[in-house]
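What follows is a single structure, written as structure tokens, with notes after it.
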Ligand code: PLP
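In the working numbering, the protein residues as written are 1236 to 1628.
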């Protein structure tokens, strides 16, 4: 029986249509987009088409898109680039539940004097506008709040938070790596100045990201060289990756509305079945204000057995995860996101994340539910005894 992949928050399979769009640029169309001859112009044209496709996904102008090598690099460029352009260490306001790409960048900037304020979140993972308002009373250079959380799927009220930030004349960045292509995003409606995206979260290739930079926003580069990407990201462009990102953005944009409804129905079905048939299960994150295909939950009294449960599911052909893919590097540690949401260390070790994507079907959801319910009905520690323990957080 074929495997069931339910870990789309970690990464997504490449859409075959994206692969088709990329193929010429992995073969005959190998030109350097900076070259003036025919081969170079073909590559340049493909990059500019992709730039327009990525821009259209978020309601931006094509010349506001800077291609980077990842979502992580886009986050680094946003924060380090903004602080360097301001010319003093300044003050960043962010949240305690950001991805490591933001938290570690803040840690780096703090080591050279930048003040960092971490906004708290409530039990569902939401940032309160009042805590942002209080933080804005001191001199702030940039606010960075993620659009959708990678561990619990909660969506932040970005429009409201960015609007408050703009009233104070402060830059607003959002890490939209998890949200891009899954929920509607319009940079003008949201009032954001900087927004990070990553292609591999929307059925595009790995190793290509983008930063939206609103016209007029000053950023300094963090990589130096030949001056590509308007001097903001030197290096010969990853043409095939950029073309793949463009194709993935165009497909996501065209299918977003229908796909969001379909995935939210799957998510609700899982939530309802679990609440009825696994009474000791409980949901993490906001019940409704969350990514359409994202469902994370715990099993009361079985928090320490999550690694075994995931191992059993994996052996039976189902890929789900415990928190973020990065958390697998910190096996056994409680999730910092759940701790920030007020869960105790025991519960914060017990998260199971199911994240659905484009090629998942109702039949897969049903197979997964039957398996999960049957496994949780017996001792999955015993069931896992023949299975090597997976690294999980
Ligand atoms: N930001 C968030 C919210 C993420 O979930 C991730 C990846 O999981 C990143 C940033 C990093 O993106 P990339 O894998 O493209 O470096």
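Beta carbons: idealized from backbone N, C-alpha and C, even for Gly.
Check your understanding: Considering only the beta carbon of each residue, do residue 1379 and residue 1303 sit closer than 8 Å?
Key -> Your numbering for residue 1379 matches position 144 in the chain shown. Your numbering for residue 1303 matches position 68 in the chain shown. The answer is no: Cβ separation not under 8 Å.
Check your understanding: If we count the other Cβ atoms within 10 Å of its Cβ and call it buried at 16 or more, is residue 1531 buried or exposed?
Key -> In the chain shown, counting from the first residue as 1, residue 1531 sits at position 296. Label assigned to residue 1531: buried.
Review point. Is it the case that the Cβ atoms of residue 1444 and residue 1431 are separated by a distance below 8 Å?
Key: Walking along the chain shown from the start, residue 1444 turns up at place 209. Walking along the chain shown from the start, residue 1431 turns up at place 196. It is a contact, given that the beta carbons lie within the stated cut-off.
Review point. Would the beta-carbon of residue 1572 fall within 8 Å of that of residue 1386?
Key: On the chain shown, residue 1572 is found 337 positions in, with the first residue counted as 1. On the chain shown, residue 1386 is found 151 positions in, with the first residue counted as 1. Taking 8 Å as the Cβ cut-off, residue 1572 and residue 1386 qualify as a contacting pair.
Exercise for review: May I ask whether a heavy atom of the ligand PLP can be found less than 7 Å away from the beta carbon of residue 1412?
Suggested key: In the chain shown, the residue the question calls residue 1412 occupies position 177. Flag set: Cβ of residue 1412 near the ligand PLP.
Check your understanding: Run through DSSP, which three-state label would residue 1525 get?
Key -> As a first step, residue 1525 must be located in the chain shown, where it is residue number 290. Three-state DSSP puts residue 1525 in a strand.
Review point. Can you list, in chain order, the stretches of the beta strand (DSSP E) that have 3 or more residues and sit fully within the segment 1350–1437?
Key: 1350–1354, 1377–1379, 1406–1410 and 1429–1433
Check your understanding: Quick one, which of 1454, 1425, 1390 and 1242 has its alpha-carbon nearest residue 1437's?
Key -> The sequence position of residue 1437 within the chain shown is 202, counting from 1. Just measuring C-alpha positions, the residue of 1454, 1425, 1390 and 1242 sitting nearest residue 1437 is 1242.
Exercise for review: Could you check what DSSP says for residue 1589 in three-state terms: helix, strand or coil?
Suggested key: One-based indexing of the chain shown puts residue 1589 at position 354. Residue 1589: strand per DSSP, three-state reduction.
Point to revise | Local conformation of residue 1542 per DSSP, three classes | key: Against the chain shown, residue 1542 aligns to sequence position 307. Reduced to three states, the DSSP call for residue 1542 is helix.
Practice item. Kindly list the residues whose CB is nearer than 8 Å to the CB of residue 1364, restricted to its own chain and excluding five residues on each side of it in sequence; keep chain order. Key: Locating residue 1364 in the chain shown gives position 129, where the first residue counts as 1. So the list reads 1392, 1395, 1396 and 1399, once near-sequence residues are dropped.
Check your understanding: Nearest CA to the CA of residue 1554: which residue from 1591, 1335 and 1465?
Key -> Taking the chain shown and counting its residues from 1, one reaches residue 1554 at position 319. It is 1591 whose Cα lies nearest to the Cα of residue 1554.
Practice item. In angstroms with no decimal places, state the Cα-to-Cα distance between residue 1341 and residue 1314. Key: The residue given as residue 1341 occupies position 106 in the chain shown. The residue given as residue 1314 occupies position 79 in the chain shown. So the alpha carbons of these two residues sit roughly 8 Å apart.
**Study point:** Residues bridged to residue 1240 (per DSSP)
**Key:** Within the chain shown, numbered from 1, the residue matching residue 1240 stands at position 5. DSSP output for residue 1240 lists 1554 as bridge partner(s).
Check your understanding: Among 1441, 1601, 1347 and 1372, which has the Cα closest to the Cα of residue 1509?
Key -> The sequence position of residue 1509 within the chain shown is 274, counting from 1. When each option's Cα is compared against that of residue 1509, the closest is 1601.
Review point. Roughly how many whole angstroms lie between the Cα atoms of residue 1350 and residue 1535?
Key: Looking up residue 1350 in the chain shown gives position 115. Looking up residue 1535 in the chain shown gives position 300. Distance between the alpha carbons of residue 1350 and residue 1535 is about 39 Å.
Practice item. Assign residue 1537 to one of three DSSP states: helix, strand, or coil. Key: Translated into the one-based positions of the chain shown, residue 1537 becomes position 302. Three-state DSSP puts residue 1537 in coil, outside helix and strand.
Exercise for review: Quick one: using the 10 Å Cβ neighbour count with 16 as the cut-off for buried, is residue 1628 buried or exposed?
Suggested key: Within the chain shown, numbered from 1, the residue matching residue 1628 stands at position 393. Unreliable placement is indicated for residue 1628, whose pLDDT of 28 sits below 50; no coordinate value is reported for it.
Check your understanding: Considering only C-alpha positions, which residue in the set 1462, 1353 and 1377 is nearest to residue 1331?
Key -> Stepping through the chain shown from its first residue, residue 1331 is reached at position 96. Nearest C-alpha to residue 1331: 1353.
Practice item. Enumerate, from N- to C-terminal direction, the unbroken beta strand (DSSP E) stretches of 3 or more residues contained entirely within the segment 1310–1343. Key: 1326–1330
Exercise for review: Report back the beta-carbon spacing between residue 1382 and residue 1414 to the nearest angstrom; my notes put them in contact at under 8 Å.
Suggested key: Your numbering for residue 1382 matches position 147 in the chain shown. Your numbering for residue 1414 matches position 179 in the chain shown. Indeed they touch by this definition, with Cβ atoms about 4 Å apart.
Point to revise | Close beta carbons around residue 1496, own chain, < 8 Å, minus the five adjacent residues each side | key: Counting from one through the chain shown, the residue named residue 1496 turns up at place 261. Excluding positions up to five away in sequence, the list reads 1527.
Review point. What are the partner residues of residue 1532, as DSSP defines its beta bridges?
Key: Sequence index remark: in the chain shown, residue 1532 carries index 297 (1-based). Paired residue(s): 1518 and 1587.
Check your understanding: Counting along the chain, where does the alpha helix (DSSP H) carrying residue 1260 start and finish?
Key -> Residue mapping note: residue 1260 aligns to position 25 of the chain shown, counting from 1. Start and end: 1251–1261.
Review point. Among 1269, 1270, 1278 and 1254, which has the Cα closest to the Cα of residue 1263?
Key: Residue mapping note: residue 1263 aligns to position 28 of the chain shown, counting from 1. That would be 1278, whose Cα lies nearest to the Cα of residue 1263.
**Study point:** Rounded separation between residue 1368 and residue 1390 - CA only
**Key:** Taking the chain shown and counting its residues from 1, the one referred to as residue 1368 is at position 133. Taking the chain shown and counting its residues from 1, the one referred to as residue 1390 is at position 155. For residue 1368 and residue 1390, the distance between alpha carbons rounds to 19 Å.
Review point. If residue 1301 and residue 1446 are in contact, beta carbons under 8 Å, what's the gap, nearest whole angstrom?
Key: Within the chain shown, residue 1301 is the residue found at index 66, counting from 1. Within the chain shown, residue 1446 is the residue found at index 211, counting from 1. A Cβ-Cβ separation of about 5 Å places residue 1301 in contact with residue 1446 under the 8 Å criterion.
**Study point:** Rounded separation between residue 1370 and residue 1597 - CA only
**Key:** Here the question's residue 1370 lines up with position 135 in the chain shown. Here the question's residue 1597 lines up with position 362 in the chain shown. Taken atom to atom, the span from the alpha-carbon of residue 1370 to that of residue 1597 is near 45 Å.
Check your understanding: Taking the Cβ atom as the reference point for each residue, do residue 1188 and residue 1458 lie within a distance shorter than 8 Å?
Key -> Nothing can be reported for residue 1188: it is not among the residues displayed for the chain, which extend from 1236 to 1628.
Exercise for review: Please report the residue range of the beta strand (DSSP E) in which residue 1443 lies.
Suggested key: Numbered from its first residue, the chain shown carries residue 1443 at position 208. Where residue 1443 is concerned, there is no enclosing beta strand (DSSP E), given that its DSSP letter is neither H nor E.
**Study point:** Paired residues, beta bridge with residue 1505 - DSSP
**Key:** In the chain shown, residue 1505 corresponds to position 270, counting from 1. Answer is none; residue 1505 lacks a bridge partner.
Practice item. Can you say whether residue 1489 is buried or exposed, counting buried as having 16 or more other CB atoms within 10 angstroms of its CB? Key: Taking the chain shown and counting its residues from 1, the one referred to as residue 1489 is at position 254. Burial call: exposed.
Review point. With 16 as the cutoff for other CB atoms within 10 Å, does residue 1322 come out buried or exposed?
Key: Within the chain shown, the letter at position 87 stands for residue 1322. Residue 1322 is exposed by the Cβ-count criterion.
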